[in-house]
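A short worksheet on the structure shown next.
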Amino acid sequence: MIGKDKILSLLSSVLKKAEADSADAVYIGGESGLTRFANSTIHQNVSERNSRVYFRAIIGKKIGVASTNSFIREDLEKALYNAIEIAKNQKENPDFPGLPHQQDYSKINTYFEKTARFTPIQRAEEAKKIFDQAQAFNLTVAGSFSNGDTEIAVVNSNHVACYQPLTTAYINLVVMGDNSSGYADQLSRNVDDIKMEELTQTAIRKCMDSKNPKDVDAGEYPVILEPSAVAALVEWMNYIGFGSKSFQEGTSFLSNRIGKKIMGDNVTMYDDGTDESAIAFPFDFEGVPKQKVMLIEKGLAKGVVYDSISAHKDKVKSTGHALTPDSAEGGLALNLFIEGGDSSLDGMIKSAEKAILITRFHYINGLLDTNNAVLTGMTRDGTFWVEDGKIKHGIKNLRFTESMLKAFSNVRLITKERKIINSWWGDVGCIVAPAMLIDNFKFTGKTEF
Amino acid sequence: MKDRIKEIIDYLKKKKVDYADIRHQKTSLEDIRVKNNTVEALSRNEDQGFGIRVIKNGAWGFAASSILSPEEMKRVSDTACEIAEASALTKKEDVRLTPTEIHQDKYQSQYQKDPFKVSIDTKIGLLLDACAIIQKNPKVKVAEGSMSFFKTEKVFASTEGAFIEQSILESGAGIIATAVEGSEAQRRSYPNSFRGDYASRGYEFVEQLKLLENAERVREEAVELLSSPPLPEMETTIIISGNQMALQVHESCGHPTELDRVLGTEISLAGGSFMTLDKINQLKYGSEKVSIVADATIPGGLGSFGYDDEGVKAQRAYLVKDGLFVGYQTSRETAAVLNQQSNGTMRAEGWNRIPLIRMTNINLEPGEWELEDLIKDTKEGVFLDINKSWSIDDKRLNFQFGVEACWEIKNGKLGKTYKNAIYTGITPQFWNSCDAICNRKHWRIWGVPNCGKGEPMQTMHVAHGTSPARFRNVKVGVSK
Chain A
1 MIGKDKILSL LSSVLKKAEA DSADAVYIGG ESGLTRFANS TIHQNVSERN
51 SRVYFRAIIG KKIGVASTNS FIREDLEKAL YNAIEIAKNQ KENPDFPGLP
101 HQQDYSKINT YFEKTARFTP IQRAEEAKKI FDQAQAFNLT VAGSFSNGDT
151 EIAVVNSNHV ACYQPLTTAY INLVVMGDNS SGYADQLSRN VDDIKMEELT
201 QTAIRKCMDS KNPKDVDAGE YPVILEPSAV AALVEWMNYI GFGSKSFQEG
251 TSFLSNRIGK KIMGDNVTMY DDGTDESAIA FPFDFEGVPK QKVMLIEKGL
301 AKGVVYDSIS AHKDKVKSTG HALTPDSAEG GLALNLFIEG GDSSLDGMIK
351 SAEKAILITR FHYINGLLDT NNAVLTGMTR DGTFWVEDGK IKHGIKNLRF
401 TESMLKAFSN VRLITKERKI INSWWGDVGC IVAPAMLIDN FKFTGKTEF
Chain B
450 MKDRIKEIID YLKKKKVDYA DIRHQKTSLE DIRVKNNTVE ALSRNEDQGF
500 GIRVIKNGAW GFAASSILSP EEMKRVSDTA CEIAEASALT KKEDVRLTPT
550 EIHQDKYQSQ YQKDPFKVSI DTKIGLLLDA CAIIQKNPKV KVAEGSMSFF
600 KTEKVFASTE GAFIEQSILE SGAGIIATAV EGSEAQRRSY PNSFRGDYAS
650 RGYEFVEQLK LLENAERVRE EAVELLSSPP LPEMETTIII SGNQMALQVH
700 ESCGHPTELD RVLGTEISLA GGSFMTLDKI NQLKYGSEKV SIVADATIPG
750 GLGSFGYDDE GVKAQRAYLV KDGLFVGYQT SRETAAVLNQ QSNGTMRAEG
800 WNRIPLIRMT NINLEPGEWE LEDLIKDTKE GVFLDINKSW SIDDKRLNFQ
850 FGVEACWEIK NGKLGKTYKN AIYTGITPQF WNSCDAICNR KHWRIWGVPN
900 CGKGEPMQTM HVAHGTSPAR FRNVKVGVSK
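In order, the protein sequences belong to chains A and B. Take the first sequence: its position 346, counted from the start at 1, is 346 in this note's numbering, and no numbers get skipped. Each position in the second sequence, counted from 1, maps to that position plus 449 in this note's numbering.
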């Protein structure tokens, strides 16, 4: 950890030298470790200390961006100089509204000392306990266990100076048998929250229960999606539809549909970077405070998230969803929540006459028909046939190809309990998802295992 | 830096490691993205640091830092050793590396024009001109152009005596037209989707792409797709364009022949492979027309280099020969399992990542057909062009790929256009249905700059040499 004062003062001091109309700097840096295992042995075990500082220089409406991963003053000054030189040679961006001004940020705790200091030996000891538990069932384990700390700061020439330290711990487990596998994972800011024993038992149980999987033909079935599966669908929906870029370009399933009913009454999705119960982060990479944004409310298309430039284009205010300055992706929702219902996973299983229970999906892609949110992907690591209210047996993995507008219009039940699921956005984001029972979910193919 | 690297190797030797290597890497990246009349992003990023990989007590440890002081290099060395000691807590047997020739050498990729010395005006101008052409049809809502340039300087040294310096320059560019009508959007890209084509070459590669000459065509094809019907569901003959074949080779042959995946070490993220050890020299992967080679030695390929990140010299090795599965992509550790030598495919995204088995240039060898003759020879089927979506199961068997555009083939002629086309299959059945591959005239290397693998995630630059090919009895059009 470098610390708030040193980061803010060095960045401010370097920015003062900017021969530009305005400028900002974004610092992201920290230390992390990751222990990876397969066949119940640690085969990759890594540690990294790194940082990145982005400078954005503005001359008129011309923007130049340069970055360095050195935190030495002369390297920072060189990066700022590069940003200014690029700005001088740039074309004007008419949508640039100017840099944000100083604002108030939510005070949230995102840093846990023990998580930052958790050592490779501690990770290895936990891994060994997991391997031993699986060995008792003649099963092996693959997965990873990571932890680390990160400091993020944004400083600009309009007196924005915000800083947030944060920690993250994440474990994922795939327990492997001869012809089956089981999955469990957990993400938290605090390593003490990780329930190793419970996760291990869940993955072992799923692997044991899905032994000798049977064939099921492709077709439409009711599905019970566990939180990891729901989150994987919503993660792709976010990528193709909840951000300002796809919305403005007309490729989002929300384009031309704001205010219209596109999902069931029981479906609400929103983004909230300030909810401390998940992986919160109070400001975006322009230093704008994160706003809670309703995306889908009781099935109605409500809105998308913005950074400054895309917001200016639509004559609205930034919602605090800018990515790093080198990005051209507009605003993106990094802290997604899917509202819970009043059911439970057991209740869903008991209520199902026939259904397929899915632990998680693999290799989803949603680029084929983004306006209809058509996704395809495979099931993985624990797919089960449910009949007469009971899990009967494991089934071989299936491929789904389905419009999410249709799927989320067919949600029969939603669990009250929600889980924090790891997302593409690492330390600054997650998806909080319940389990769902969805009718008429379409499977278009199957595989051999 | 060279002296510091040599000092650290001596320091590691004194720590009685079984093996250690250090990699210092410095990368410059320039990225330009233009949309309609605006330059949306123009950035230059500098990145450098070092990573130290050790085997101690028979287990792996790796630590990396962006701080280049001698004190930090010693701290990182100590950390790598401590991590290896932690790894050893769960080891079943000692890590064993297959022997390799030890090199002290330099490698420089070849180029004519340094893109970092070409003026920003020239680069932006080309993309804005292409976007202006694309915008001439009012149904095109978004015209996009992008360019990226990478300059990487690497030094690798090991306790075995290797000392290798490499300098690799890479360039790429592409354009996209997105036509929109109501709640329907269709896209055409050139020369490939996902930001174009890339090569280990200079700015001359971008000039030779002829972006301006293709802008009008992609514009009109995107607009035409808006009024095209979706591809109906059926089983038919398909001819796949060269760029979509690159994706096909990547997903269904490149990844499943990575020996680390086969041995289970990627299970937690990307999965395993159906091409298990018992299948080598046994599995009829494809028809006798199909030969696939991993070749890191081709000048200009985005997967080309002098030495991999274990110091093993770049090689050419068959994966599939005349339809038979004959080999894997290997590392020094995984090759030892087969009592073979590494064929040199270990690469890391940067100084802060461990090397993994990564595709080099995984090439489908050309056949004998002219594309025109192949279409003439096809009574009924579809022609599929440029990847749009991709998904494959975690053993690389069931795949479903979508393309930007599809044309009907009827009685040997291209006919009407279909939108939202997909095709699906099971890998070995699919490749065994290949009955024709186009010749070298139609063969080119496609650079893929976004291949993901590993935890922490590493994005690698790889490539695929392909030409159009024909497959029989393939299920198409199952989008919804």
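Note that beta-carbon positions come from the ideal geometry of N, C-alpha and C, so glycine has one too.
Test: residue i CB closer than 8 Å to a CB of chain B
i: Met1(A); result: no
i: Pro213(A); result: no
i: Arg36(A); result: yes
i: Ile42(A); result: yes
i: Asn451(A); result: One cannot answer for residue 451(A) here, as it falls past the ends of chain A, which runs 1 to 449.
i: Ser106(A); result: no
i: Ser255(A); result: yes
i: Asp388(A); result: no
i: Arg452(A); result: Within the shown structure, residues of chain A are numbered from 1 to 449, placing residue 452(A) beyond reach of any answer.
i: Pro100(A); result: no
i: Glu461(A); result: As shown, chain A starts at 1 and ends at 449. That puts residue 461(A) outside it, with no answer to give.
Proximity test, Cβ basis, 8 Å: residue i and chain A
i: Arg919(B); result: no
i: Asn506(B); result: no
i: Gly510(B); result: yes
i: Asp842(B); result: yes
i: Gln849(B); result: yes
i: Pro905(B); result: yes
i: Ser838(B); result: yes
i: Lys929(B); result: Residue confidence is low: Lys929(B) scores 46 on pLDDT, short of 50, so the model does not pin down where it sits. Its coordinate-derived value is still stated next. Chain A contact via Cβ: present.
i: Lys770(B); result: no
i: Ile803(B); result: yes
As assigned by DSSP and simplified to three states, the class of residue i
i: Gln453(A); result: This structure cannot speak to residue 453(A), because chain A is shown only from 1 to 449.
i: Thr140(A); result: strand
i: Ser277(A); result: coil
i: Gly182(A); result: strand
i: Asn372(A); result: helix
i: Ser12(A); result: helix
i: Glu456(B); result: helix
i: Val925(B); result: strand
i: Val230(A); result: helix
i: Tyr81(A); result: helix
i: Ile583(B); result: helix
i: Met436(A); result: strand
i: Gly177(A); result: coil
i: Leu64(A); result: The residue you asked about is not Leu; residue 64(A) is Gly in the sequence shown. Gly64(A) falls in the strand class under three-state DSSP.
i: Glu19(A); result: coil
i: Ile431(A); result: strand
Residues that DSSP places opposite residue i in a beta bridge
i: Thr476(B); result: Asp496(B) and Thr601(B)
i: Glu151(A); result: Gly29(A) and Pro165(A)
i: Leu187(A); result: Tyr170(A)
i: Glu126(A); result: The partner list for Glu126(A) (beta bridge, DSSP) is empty, contrary to what the question assumes.
i: Ala918(B); result: Ile689(B) and Ile886(B)
i: His913(B); result: Trp895(B)
i: Phe131(A); result: Looking at the DSSP assignment, Phe131(A) forms no beta bridge with any residue, so it has no partner.
Ordered list of alpha helix (DSSP H) runs contained in the region 828 to 881 of chain B, each at least 4 residues: Within the region 828 to 881 of chain B, the complete alpha helix (DSSP H) runs of at least 4 residues are 876 to 881.
Quick one: complete alpha helix (DSSP H) runs, 4+ long, within the region 595 to 659 of chain B? Secondary structure in the region 595 to 659 of chain B: the alpha helix (DSSP H) runs of 4 residues or longer, each lying completely within the stretch, are 652 to 657 in chain order.
At which residue ranges does the region 237 to 284 of chain A contain complete beta strand (DSSP E) runs of 3 or more residues, listed in the order of the chain? Correct list: 269 to 271.
Within the region 304 to 386 of chain A, ranges of the beta strand (DSSP E) (whole runs, at least 3 residues): DSSP runs (the beta strand (DSSP E)) wholly in the region 304 to 386 of chain A: 335 to 338 and 354 to 369.
Uninterrupted beta strand (DSSP E) stretches inside the region 503 to 530 of chain B (no shorter than 3 residues): Secondary structure in the region 503 to 530 of chain B: the beta strand (DSSP E) runs of 3 residues or longer, each lying completely within the stretch, are 508 to 514 in chain order.
Can you give me, in chain order, the residues of the region 617 to 629 of chain B that have a beta carbon less than 8 Å from any beta carbon in chain A? Cβ contacts with chain A come from Thr627 and Val629.
Near-chain B residues of the region 60 to 74 of chain A (beta-carbon distance less than 7 Å), N- to C-terminal order: For the region 60 to 74 of chain A, which is checked against every Cβ of chain B, the residues closer than 7 Å are Gly64, Val65, Ala66, Ser67, Thr68, Asn69 and Ser70.
Where the region 355 to 367 of chain A meets chain B: residues whose CB sits under 8 Å from a CB there: Within the region 355 to 367 of chain A, the residues whose Cβ lies closer than 8 Å to any Cβ of chain B are, in chain order, His362, Tyr363, Ile364, Asn365, Gly366 and Leu367.
My parser needs the alpha helix (DSSP H) runs of 4 or more residues fully inside the region 780 to 813 of chain B; what are they? Here the runs fully enclosed are 781 to 786.
Starting from the N-terminal side, write out each stretch of the beta strand (DSSP E) that is 3 residues or longer and does not extend beyond the region 741 to 776 of chain B. If we require 3 residues or more, the beta strand (DSSP E) runs fully inside the region 741 to 776 of chain B come out as 741 to 744 and 765 to 770.
Which residues, in order along the region 854 to 873 of chain B, keep a beta-carbon less than 8 Å from a beta-carbon of chain A? Along the region 854 to 873 of chain B, the positions whose C-beta sits under 8 Å from a C-beta of chain A are Asn869, Ile871 and Thr873, read in chain order.
Could you please tell me which residues of the region 526 to 541 of chain B, in chain order, have their CB closer than 9 Å to any CB of chain A? For the region 526 to 541 of chain B, residues whose beta-carbon sits nearer than 9 Å to a beta-carbon of chain A comprise Thr528, Ala529, Glu531, Ile532, Ala533, Glu534, Ala535, Ser536, Ala537, Leu538, Thr539, Lys540 and Lys541.
Using a Cβ cut-off of 9 Å, which residues of the region 308 to 319 of chain A contact any Cβ in chain B, in chain order? Those would be Ile309, in chain order.
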